[in-house]
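In numbering that gives the first Met the number 0, the protein residues as written are 0 to 144.
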Amino acid sequence: MKVKDCMCNEIAYVNPNCSIEECARLMCNNHIGCVPVCNNEKQIVGLVTDRDILLRTIGCNKDYKNTTVSDIMTCKVCCCEAETDIAEAEKLMSEKQIRRLPVIENNKVIGILTLGDLAANKSVNSESVGCTLENICGCDKTNAE
């Protein structure tokens, strides 16, 4: 199975000059926890998560109305392509400890693959999704009681 068979291809994105307030409203209205930050050519230049807004804006006492997403976004975004095998995408998510993986084609964002997408797809091995989650969270079953 390929990433294109499992990803969400209806994505909302913002430009780097978008305010945190606008970005948060977009996330709220679309019920999403992550937004790619794209330039005018729809090339990804960053990524903003709900956690970024909380920790890098509210937690740092920044003005969410006047701070732009470029001030808080993650700049080095790990991406994959639509033709990437699901197992390879899970491995990448595990290694980088990320829950969301933007999908690009010709350097443009065309979708996002999330841990939720993997878990909801009955064709994806639920055991491998569980292992991916454990790796992302840094869970260590040997210390569990």
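All C-beta atoms, glycine included, are put in the ideal place defined by N, C-alpha and C.
Starting from the Cα of residue i, find the closest Cα among the options and give me that residue.
i: residue 98; options: 48, 106 and 61; result: 48
i: residue 13; options: 4, 74, 41 and 53; result: 41
i: residue 0; options: 51, 106, 95 and 89; result: 89
What are the start and end residues of the beta strand (DSSP E) that includes residue i?
i: residue 104; result: 99 to 104
i: residue 85; result: No beta strand (DSSP E) holds residue 85; the alpha helix (DSSP H) holding it covers 85 to 95.
i: residue 45; result: 43 to 48
Tell me the rounded alpha-carbon separation between residue i and residue j.
i: residue 27; j: residue 9; result: 15 Å
i: residue 72; j: residue 36; result: 8 Å
i: residue 54; j: residue 115; result: 23 Å
i: residue 68; j: residue 57; result: 13 Å
i: residue 61; j: residue 76; result: 23 Å
i: residue 183; j: residue 100; result: Outside the shown range of the chain, which is 0 to 144, sits residue 183, and nothing can be said about it.
i: residue 109; j: residue 59; result: 32 Å
i: residue 95; j: residue 133; result: 12 Å
i: residue 153; j: residue 64; result: A query on residue 153 cannot be resolved here, the shown segment of the chain reaching from 0 to 144 and no further.
i: residue 121; j: residue 7; result: 15 Å
i: residue 25; j: residue 87; result: 30 Å
Give the DSSP-derived three-state secondary structure of residue i in the structure shown.
i: residue 114; result: helix
i: residue 31; result: coil
i: residue 7; result: strand
i: residue 13; result: strand
i: residue 71; result: coil
i: residue 80; result: strand
i: residue 136; result: helix
i: residue 37; result: strand
Kindly examine the ligand NAD and report whether one of its heavy atoms sits closer than 7 Å to the Cβ of residue i.
i: residue 45; result: For the structure depicted, the ligand NAD is absent and the ligand set is empty, with no information on it obtainable.
For a quick check, are the C-beta atoms of residue i and residue j less than 8 Å apart?
i: residue 117; j: residue 102; result: no
i: residue 2; j: residue 66; result: no
i: residue 79; j: residue 45; result: no
i: residue 85; j: residue 136; result: no
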